[in-house]
Amino acid sequence: MRENQHVPITTRNKEHALLINTTYAVLYRPVVLMHGVTSTAADMNELGGVFGDPPLESLPPQFWDLISKYAYEESVQNVISIAGFWSDPFQLEKYINRSHFLPDINNERDVRNETYRKNILKLNAFVMTYSDIDETITPPQLGRFLGYASHSLHSETWNQSRQFTEDLIRMQTLYEQGKLHMFIGHTRH
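If you want our numbering, it's the position in the sequence shown, counting the first as 1, plus 1.
In C-alpha cells, the structure reads:
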C-alpha cells in the first residue's frame with residue numbers, strides 16, 4: 002500500500018485487514034475496535050499517547066507550562082488534534098478524565114468498553130513496531146503502548162504497563178494467545 006492510498010473498510014466482509022503507517026495510525030484503532038478487523042499492523046505510532054515533541058524542545062519552558070496547563074481544557078481538546086492523544090505522565094488523572102480521544106480507545110477509564118475488548122480479540126494478528134532511533138515520537142516505545150511511567154520521564158516496561166497488567170483492551174490476552182507480535186526497527190521517522 003502506498004502512503005496516500007485509502008484502505009477500504011466495509012462491515013459486510015468480516016475478513017478485514019489493515020496495514021497502517023505512522024501518518025494514519027492514530028485513526029485506525031477505532032476502526033479495529035468498533036468494526037472487528039481481523040488483522041492489523043501498527044507502524045511506529047502513538048498507541049500509548051504522546052508527551053513531548055522534539056522539534057519544539059528548543060522553545061522556552063513557559064511554552065511547556067502552557068501546554069501542561071491547558072492541554073486537557075475542553076476548548077483545547079475540541080480544536081487541537083494532538084491534545085486528544087497528549088498523555089502527560091504528571092497529570093494522568095486529567096488525561097484519563099478529560100482527554101477526548103485516547104483514553105477512550107485505550108479503555109483507560111473506569112468503565113470499560115466491552116465492544117472494544119471483544120472486537121480486538123477477533124484479530125488473527127496484531128503487529129506493533131517502533132524505532133529505537135525515532136526522533137519524532139516521544140517516547141519512541143509508544144508503538145508498543147508504552148508511555149512514560151506515572152510521575153516519571155522513564156518509559157514503562159511492556160509487562161508492567163497498565164495496558165498489559167489490567168488487560169485494558171486485551172493486549173495481554175492477545176499476547177498469551179500468540180497473536181501479538183512486536184518488532185523494533187532501526188530507522189528514522
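Glycine residues also receive a C-beta, built at the ideal position from the N, C-alpha and C atoms.
Query: On the DSSP letters alone, give me the boundaries of the beta strand (DSSP E) that L181 sits inside.; Result: L181 to G186
Query: Comparing C-alpha positions only, which one of T174, H101 and K70 sits nearest to V80?; Result: H101
Query: Comparing C-alpha positions only, which one of R171, I185 and G186 sits nearest to G179?; Result: R171
Query: Taking DSSP's pairing of strands, which residues face S69 in a bridge?; Result: For S69, which the question treats as bridged, DSSP gives no partner whatsoever.
Query: Where do the N-terminal and C-terminal ends of the beta strand (DSSP E) with T130 fall, by residue?; Result: A126 to S132
Query: Look at the Cβ atom of L175, then the Cβ atom of L169, and state whether they are nearer than 8 Å.; Result: no
Query: What's the gap between the Cα of L93 and the Cα of Y73?; Result: 10 Å
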